[in-house]
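*Asks:* Take a look at the following structure, please.
Numbering (my numbering), first residue to last: 30 to 142.
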């Protein structure tokens, strides 16, 4: 198995191979600061990242080595980019992922289904 690094400031996903003491990257997600802060592994095998300043969730497909963005549904009080919107996430028993608010006034609800 691998350990995956969420691209906070990086332009790609970090993949660490502990057995061989090597690392590589995949997925071009662009260079910007403070994009995503945490990742949560969902039951469907994808890693969903929690936006910090990004306007999207990053969905990482570890087996396919693909990373793609999913735009957020924006309620009226959406902060936009440049704010530490959420700080961490948690996987619920239902399979949904919740983003813990930092400066956002609402809980981020990700449905991986």
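Every residue gets a Cβ at the ideal spot worked out from N, C-alpha and C, and that includes glycine.
Compute the Euclidean distance between the alpha carbons of residue 127 and residue 96, then round it to the nearest angstrom.
*Replies:* Taking the straight line from one Cα to the other gives about 20 Å.
*Asks:* Assign residue 79 to buried or exposed, taking buried as 16 or more other Cβ atoms, counted over all protein chains shown, within 10 Å of its Cβ.
*Replies:* Label assigned to residue 79: buried.
*Asks:* Comparing alpha-carbon positions, which option in 102, 75, 70 and 119 lies nearest residue 93?
*Replies:* For residue 93, the nearest C-alpha among the options comes from 75.
*Asks:* Do residue 54 and residue 63 count as a contact pair if the criterion is CB distance below 8 Å?
*Replies:* No, Cβ-Cβ distance for residue 63 and residue 54 is not below 8 Å.
*Asks:* Express the C-alpha separation of residue 102 and residue 142 in angstroms, rounding to a whole number.
*Replies:* Their Cα atoms are separated by approximately 16 Å.
*Asks:* List the residues that DSSP assigns as beta-bridge partners of residue 46.
*Replies:* Beta-bridge pairing links residue 46 to 51.
*Asks:* Where does the unbroken beta strand (DSSP E) through residue 69 begin, and where does it stop?
*Replies:* Start and end: 65-70.
*Asks:* Our contact map puts residue 99 next to residue 84 with C-beta atoms below 8 Å; I'd like the distance itself, whole angstroms only.
*Replies:* About 10 Å separates the two Cβ atoms, so there is no contact after all.
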